[in-house]
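**Student:** For the sequence shown, the residue numbers in the numbering used here are 20 to 177.
Quick reminder that beta carbons are idealized off the backbone N, C-alpha and C, glycines included.
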Amino acid sequence: MTAGVPAKIPEGFRKLAVPDQFVALAGPLWVKAEADGLRVGLPLEERHGNPMGWAHGGLLVTVADMVMGLGSGFATGIFWPHPTISLTSEFVRGAKLGQWLEGKARIARRTVNFCFASCDLVCGGEIVLVSSGVFKVPDIDKIPEQFQTAALSPPWKV
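1. Could you have a look at L78 and say whether DSSP puts it in helix, strand or coil?
2. Can you tell me where the alpha helix (DSSP H) holding A54 begins and where it ends?
3. If I measure Cβ to Cβ from F32 and keep anything under 7 Å in the same chain, skipping five residues before and after, which residues do I get?
4. Output the residue ranges of the beta strand (DSSP E) runs that lie fully inside the segment 116 to 154 and measure 3 residues or longer, sorted by chain position.
5. Just mark G72 as buried or exposed, buried being the case when its beta carbon has 16 or more other beta carbons within 10 Å.
6. Would you mind stating whether S150 and C142 have Cβ atoms separated by less than 8 Å?
7. Using a Cβ-Cβ cutoff of less than 6 Å, which residues in the same chain neighbour V17 once the five nearest sequence positions on both sides are dropped?
8. Assuming F41 is part of the beta strand (DSSP E), what are its boundary residues?
9. Find the nearest neighbour of G90 within the set F133, L78 and G68, judged by alpha-carbon distance.
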């Protein structure tokens with residue numbers, strides 16, 4: 020693929036609808052729920068590029084943050100924002116514009132209050148970024164009552 024041609028969305032992925040202006044600006048993100056976790060992807064477009072013609076590092080970190088935050092929601096069954104407490108990322112190689120970028124969270128440990136996650140972002144069959152983070156698990160009783168039903172209903176299907 021060339022940078023001017025958007026990547027095709029893989030079969031089974033659905034557009035993630037989130038009321039987050041920043042994620043909407045960077046995305047849209049695409050998700051595919053599987054029995055063992057949630058795959059999150061993004062077709063890399065020209066607008067995602069840096070001056071050198073590769074995906075911007077800030078975008079890659081944003082996607083990794085979303086992969087792990089959404090993965091925490093998938094693991095806990097609470098589909099309400101899981102705020103990022105800590106995030107570490109290492110850039111492995113560049114991600115080419117025009118390709119599909121994808122990640123899947125691995126939950127290493129979960130407590131009542133936190134999810135400890137990691138993920139690899141893959142583009143063109145190669146790992147481009149590795150990341151780990153800690154995410155706050157929301158207290159369902161502190162979610163406004165009018166949103167509690169939605170917070171327990173996944174916005175995707177397995």
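**Tutor:** Here's the rundown:
1. helix
2. Looking at the DSSP string, A54 is not in any alpha helix (DSSP H), and its letter there is neither H nor E.
3. W49, V50, K51 and G60
4. 119 to 123, 125 to 129 and 133 to 142
5. exposed
6. no
7. Residue numbering for the chain in the displayed model covers 20 to 177; residue 17 lies beyond these limits and cannot be assessed.
8. That residue, F41, is in no beta strand (DSSP E); its alpha helix (DSSP H) goes Q40 to A45.
9. F133
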